[in-house]
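For the sequence shown, the numbering used here assigns the number 12 to the initial residue and increments by one for each residue that follows. Even for Gly, the Cβ is constructed at its ideal location relative to N, Cα and C. Some notes on the structure that comes next.
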Amino acid sequence: MFFRTSTDLEEFFARTSETIDTMRDIADALKIKGTELVFVPLPPRGIVQRDKLDTGEPIQARYNSKAAIDEFRLYVQQLKKGGLNTVDVLQAITTAHAEEDFFYARDHHWTTKGAQLTAKAVGEVVKKLEIYNTLPHYNFETVQTGTLDYISGMGHEIQSLCGSAIDTEKDAIWSTTRNADDATDLFADQAAEVKPAALVGSSFSATPEFNFAGFLSQEVSLDFTNYAENGAEFISSLATLLFSKRFQTEPPPLIVWEAPSYYDVDQTMFKASRQILGAIYGPCNSDLLLASSSPTRKPDQQQILSVDAKKGIKSNGTYLELDASQAGLNKLTVTVEYANGDNDIITLGGFARFVDDGRFFLKLSDEFTAPVTGISIDDKLGNTSLTAKLCRVPRQYMKQQG
12 MFFRTSTDLE EFFARTSETI DTMRDIADAL KIKGTELVFV PLPPRGIVQR DKLDTGEPIQ
72 ARYNSKAAID EFRLYVQQLK KGGLNTVDVL QAITTAHAEE DFFYARDHHW TTKGAQLTAK
132 AVGEVVKKLE IYNTLPHYNF ETVQTGTLDY ISGMGHEIQS LCGSAIDTEK DAIWSTTRNA
192 DDATDLFADQ AAEVKPAALV GSSFSATPEF NFAGFLSQEV SLDFTNYAEN GAEFISSLAT
252 LLFSKRFQTE PPPLIVWEAP SYYDVDQTMF KASRQILGAI YGPCNSDLLL ASSSPTRKPD
312 QQQILSVDAK KGIKSNGTYL ELDASQAGLN KLTVTVEYAN GDNDIITLGG FARFVDDGRF
372 FLKLSDEFTA PVTGISIDDK LGNTSLTAKL CRVPRQYMKQ QG
């Protein structure tokens, strides 16, 4: 048994009110788009496997598991009080007395039992949503197809670096398949028109051996498209989905967002929330267009959009859409320029394992009150051309934001 000191033994989980507010804003905006969001914050191993801590090891001995549990419960309470559909995974573990085998002993990931227990807890939340009974339901079958001698990537690395043998751990191999029949509910004739639900998250959801997406389908009788990515950390796979052109044309009715809780959520949301909201607003329609540039750019040109201050375009209620001539840029550093000399500099994208379709969004900051006069980017894109659009936030989202 070993623990990662900087993540498995995290003690602080309570978030700022700004973080909770922005997460609620994202959930509310998605709901206006027609998508329900269910958030699944995962407790770390130090909390769940606290009985396995080695009190003879100084770092583990200093870990205050009681304080960590209280903090994590406060985090879940904050999310629920903030109006987010939140799955209390720690409570599910406690109720099922599943602390012993929820995680592997020599890896930070859940076992298939942990994945299955979490899927059941997610199902209890999903089935209470108003949208649930409007979706076509399907019959799924999950069967054990074998056993696995599991050793994690971290275990292989320890063996390589330290020369110490890491014992494998036994686990079951599960496979989930949808039966060949059509949807079993009253909406069977419309099933082909309803898009699958979406799963976003980290390696917990992305690793096929854990079968989390399959267990989810089994529990809620819904098709899922799995967008989770190994190494996606807290928000990357959600950003990849929401920035995609597919999301704009085919938004899923439900997003289940699995997220480890040991990342710096406050800092991540501070960086990402305005981008995520802009992506939900989507491409700018002509009736919302305030200003735009032509799709050309010279290699040495930094300002891609110049705006006459007399137009009086203010940040409040405005967002930026950037379209590149190629996908896969990963990130752009953008400066929003204001008439009084203020600049708002922010890196768009750049999340771990983030994949873009060549489109970026940014809700402008309400903190800047002077008119917008320009949009500039850094000078590292070669001959890639960009089109910049300043757009009015659609009215329905303005009402949502109060």
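Query: Bridge-paired residues (DSSP) for Glu82; Result: Partner(s): none; Glu82 has no beta bridge.
Query: Classification of Leu172 by the beta-carbon crowding that lies within 10 angstroms, buried from 16 upward; Result: exposed
Query: Whether Pro263 touches Thr97 by CB criterion (7 angstroms); Result: no
Query: Backbone secondary structure at Phe23 - three-state DSSP; Result: coil
Query: Beta-carbon spacing of Thr188, Glu152 below 7 angstroms; Result: yes
Query: According to DSSP, residues forming a beta bridge with Tyr330; Result: Lys374 and Cys402
Query: Which of helix, strand or coil DSSP assigns to Asn237; Result: strand
Query: For Val51 and Lys374, the rounded distance between their alpha carbons; Result: 26 angstroms
Query: Reduced DSSP secondary structure (H/G/I, E/B, other) of Leu359; Result: strand
Query: Asp39: first and last residue of the uninterrupted alpha helix (DSSP H) it sits in; Result: Ser28 to Lys44
Query: Helix, strand or coil at Lys342 [DSSP, three-state]; Result: strand
Query: Candidates Ser213, Glu378, Thr344 and Ala381: closest to Ile388 by CA position; Result: Thr344
Query: Where the alpha helix (DSSP H) through Ile104 begins and ends; Result: Val100 to Ala107
Query: Residues near Asp234 by beta carbon distance below 6 angstroms, same chain, minus five either side; Result: Pro207
Query: Buried or exposed (CB count within 10 angstroms, at least 16 for buried), Asp351; Result: It should be noted that the sequence gives Asn, not Asp, for residue 351. Answer is exposed; the Cβ neighbour count stays below 16.
Query: As assigned by DSSP and simplified to three states, the class of Ser214; Result: helix
Query: Pairwise C-alpha distance: Phe254 and Ala335; Result: 13 angstroms
Query: Terminal residues of the beta strand (DSSP E) in which Pro271 lies; Result: Leu265 to Pro271
Query: Straight-line Cα distance separating Ala217 from Glu168; Result: 20 angstroms
Query: CB-CB length for Leu252 against Tyr238, believed under 8 angstroms; Result: 5 angstroms
Query: Proximal residues to Tyr292 (C-beta, below 8 angstroms), its chain only, five neighbours per side dropped; Result: Ala40, Tyr330, Phe372, Lys374, Cys402, Val404, Pro405 and Tyr408
Query: Inter-stretch contact at 8 angstroms, needing at least 3 Cβ pairs: the stretch 49–67 / the stretch 107–114; Result: yes
Query: For Glu230, the first and last residue of its enclosing alpha helix (DSSP H); Result: Phe223 to Val231
Query: Burial state of Ala338 (16 or more Cβ within 10 Å); Result: exposed
Query: Whether Leu140 touches Ala103 by CB criterion (7 angstroms); Result: no
Query: Within 7 angstroms, strictly: CB atoms of Phe14 and Tyr86; Result: no
Query: Beta-carbon proximity list for Lys44, same chain, < 7 angstroms, skipping 5 on both sides; Result: Pro262 and Ile291
Query: Buried or exposed by the 16-neighbour rule on C-beta atoms within 10 Å, applied to Val137; Result: buried
Query: Counterpart residues of Arg15 in DSSP-defined beta bridges; Result: Note: Arg15 sits in no beta bridge, so no partner.
Query: Nearest neighbour of Asp353, chosen from Thr384, Val267 and Leu299 [CA to CA]; Result: Thr384
Query: Where Arg73 falls, given that 16 or more other Cβ within 10 Å makes a residue buried; Result: exposed
Query: Same chain, Cβ closer than 7 angstroms to Gly157, five either side skipped, listed in chain order; Result: Ile184
Query: Range of the contiguous beta strand (DSSP E) that encloses Lys181; Result: Glu180 to Arg189
Query: Beta-carbon gap between Arg84 and Ile177 smaller than 7 angstroms; Result: no
Query: Nearest-angstrom Cα separation, counted from Gln155 out to Ile357; Result: 48 angstroms
Query: Which listed residue (Asp319, Lys322 and Asp367) has its alpha carbon closest to that of Leu333; Result: Asp367
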